[in-house]
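Take a look at the structure below.
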Amino acid sequence: MKPVTVSIGVPQTPEQVYDFLDVMAHHERFTDHYLSDWRHSGPARGVGARATVTAALGGTKTGVAIEVVEADAPHRIVERNVSAGGRRLAHGTYTVEPLRAGGARVSFTYAWERAPLADRLLAPVVRATMRRANRTVMRRLATELDRHAPADGM
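Residue numbers (this note's numbering): 229 to 382.
Dropping the structure here:
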């Protein structure tokens, strides 16, 4: 399946964005519209930070194990996602880039490595559902960044 990427510009610096995203517990604040029942393990931040959540999308619920497998401050965080009893394997990648006018562009790419047959058969619908959910994630992330790290430093 083709990956899905969504992006948003925010007034915070790449370092501020990365510092916020690096803490796994912060993700609940901007993804709780479709990810619930967060349980954390491992370190609070960086490679090895883990969470187990319940994803509710497209009328179905499934458990998802999330683990940070790569971290390159302040540019990139890669999470490995396993769900559907191991039949779905994907990576979620946050990329943070400086904007010329200041602030940062935050992108999130969800890329499937393995997907159940139903996902593959309904790929256009699955991708559209993920894109919609993750656009909401980006808007909510921008709001949470404003609360956590105001761009004016106050």
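The beta-carbon is built from N, C-alpha and C at its ideal position, and this holds for glycine as well.
Keep in mind that this is a model prediction, so the values were computed, not measured.
Would you report the Cα separation of residue i and residue j, rounded to the nearest angstrom?
{"i": "Ala339", "j": "Met229", "result": "8 Å"}
{"i": "Met382", "j": "Ala343", "result": "Note that Met382 scores 43 on pLDDT, short of 50, meaning its location in the model is unreliable; the coordinates nonetheless yield the value given after this. Roughly 44 Å between the two C-alpha positions."}
{"i": "Ser311", "j": "Ser335", "result": "22 Å"}
{"i": "Glu307", "j": "Ala299", "result": "9 Å"}
{"i": "Thr316", "j": "Glu341", "result": "In the sequence under discussion, the amino acid at residue 316 is Arg, which differs from the Thr named in the question. One C-alpha to the other measures close to 8 Å."}
{"i": "Gly194", "j": "Phe248", "result": "The chain is shown from 229 up to 382; residue 194 falls before or after that span and cannot be answered."}
{"i": "Met252", "j": "Arg355", "result": "24 Å"}
Which one or two residues does DSSP pair with residue i in a beta bridge?
{"i": "Asp300", "result": "Arg304"}
{"i": "Leu249", "result": "Answer is none; Leu249 lacks a bridge partner."}
Would you identify the three-state DSSP class for residue i, choosing helix, strand or coil?
{"i": "Thr241", "result": "coil"}
{"i": "His268", "result": "strand"}
{"i": "Val275", "result": "coil"}
{"i": "Ala356", "result": "helix"}
{"i": "Ala283", "result": "strand"}
{"i": "Ala377", "result": "coil"}
Around the Cβ of residue i, are there at least 16 other Cβ atoms within 10 angstroms (buried) or fewer (exposed)?
{"i": "His255", "result": "buried"}
{"i": "Thr288", "result": "exposed"}
{"i": "Thr259", "result": "buried"}
{"i": "Pro352", "result": "exposed"}
{"i": "Tyr246", "result": "buried"}
* 4 or more residues per run - each alpha helix (DSSP H) lying fully within the segment 299 to 354 -> 345 to 349
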